[in-house]
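Asker: Numbering (this note's numbering), first residue to last: 15 to 298. The structure's right below; bear with me while I get my questions together.
Listed below in structure tokens is the structure:
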């Protein structure tokens, strides 16, 4: 407790707010090691070419768009980790209610199948990289791979309130609400699948941009790209019943949490050399 007014009876007509409130400071840590997230995507996509349906590349049409089922729809990210370290500051009222905020830093790690991250490719064209045109659309969802990404450590904050709703002897029923927010950048992106295996440090891409991407996507000369970021929002609400036994306070509680991690539909191209610098002129 940094500062505390003299305690007193809240029904006392002579009591002042200085008698009722105190300010407390401390450390706040929140560590999530195994969270399961569900993708929030449209059921179909309209900016990809038709799926390959024949063994001859002569029949491949990579220009006309077709409505297709979205491979990422309904998928889960089964390994999501999030860590927050912050300073804690609370305004306490009558030793019953806290209004608090935290200021600190957060970082995360995510891993899932490549279908959950909508990894796509263009297959079936004849020739080398010089035959790919600006109008060509991806036509294959790569679903048999793994994608993982690490974020940097970025500023985070939260606000909330907690309080004792009911007290009887040594038993207390309390409730808590908290909202947290952060926006870290993606530090490393790893993609592991049969057609493509690559790592991108501090990836950049195209946000809310439909296919096809510019021809220089993935090269150092790519323009109009933005850093990949994760917009994190979380709402928490909890209810717990505790009972004081001398110096021990066992409790039983439940907590509801809704977290969202939004990447702004960013599309990141596989790193490659520019066409003029290509060595073998192979497409991937």
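Beta carbons are placed, not taken as given, at the ideal position from N, Cα and C, and that holds for glycine. Being a predicted model, the structure only gives us computed values, none of them experimental.
At a cut of 8 Å, does the region 198–212 reach the region 155–173 through at least three beta carbon pairs?
Answerer: Yes: at least three Cβ pairs fall under 8 Å.
Asker: Residue 103 and residue 163: beta carbons closer than 8 Å?
Answerer: On the chain shown, position 89 is the one that residue 103 refers to. On the chain shown, position 149 is the one that residue 163 refers to. Taking 8 Å as the Cβ cut-off, residue 103 and residue 163 do not qualify as a contacting pair.
Asker: Identify whether residue 104 lies in helix, strand or coil by the three-state DSSP scheme.
Answerer: Position 90 of the chain shown holds residue 104. DSSP places residue 104 in strand when its eight states are reduced to three.
Asker: What residue does the beta strand (DSSP E) around residue 49 start on, and which one ends it?
Answerer: Locating residue 49 in the chain shown gives position 35, where the first residue counts as 1. Its beta strand (DSSP E) spans residues 35–52.
Asker: Are the region 75–87 and the region 34–43 touching, with three or more C-beta to C-beta distances below 8 Å?
Answerer: Verdict: no, contact absent.
Asker: Does residue 252 come out as helix, strand or coil in the three-state DSSP assignment?
Answerer: The residue labelled residue 252 in the question sits at position 238 within the chain shown. The answer is strand: DSSP assigns residue 252 an E or B state.
Asker: Should the region 98–114 be regarded as contacting the region 53–69, the criterion being three or more beta carbon pairs within less than 8 Å?
Answerer: Counting Cβ pairs under 8 Å, fewer than three are found: no touch.
Asker: Is DSSP giving residue 192 helix, strand or coil here?
Answerer: The residue you call residue 192 lines up with position 178 of the chain shown. DSSP places residue 192 in strand when its eight states are reduced to three.
Asker: For a minimum of 3 consecutive residues, which ranges assigned as the beta strand (DSSP E) are wholly contained in the region 222–273?
Answerer: List check, beta strand (DSSP E) in window: 245–257.
Asker: I need the straight-line Cα distance from residue 18 to residue 47, nearest angstrom please.
Answerer: The count along the chain shown starts at 1 and reaches residue 18 at position 4. The count along the chain shown starts at 1 and reaches residue 47 at position 33. Below a pLDDT of 50, predicted positions are generally treated as unreliable, and residue 18, at 49, falls in that range; the measurement from the model is reported next regardless. Taking the straight line from one Cα to the other gives about 37 Å.
Asker: Following the continuous beta strand (DSSP E) through residue 59, name the residue where it begins and the one where it ends.
Answerer: As a working mapping, residue 59 is identified with position 45 in the chain shown. Start and end: 58–63.
Asker: Would the region 189–204 count as touching the region 168–175 if we require 3 or more Cβ pairs under 8 Å?
Answerer: Touching, yes.
Asker: Looking at residue 93: is its Cβ nearer than 8 Å to the Cβ of residue 126?
Answerer: The count along the chain shown starts at 1 and reaches residue 93 at position 79. The count along the chain shown starts at 1 and reaches residue 126 at position 112. It is a contact, given that the beta carbons lie within the stated cut-off.
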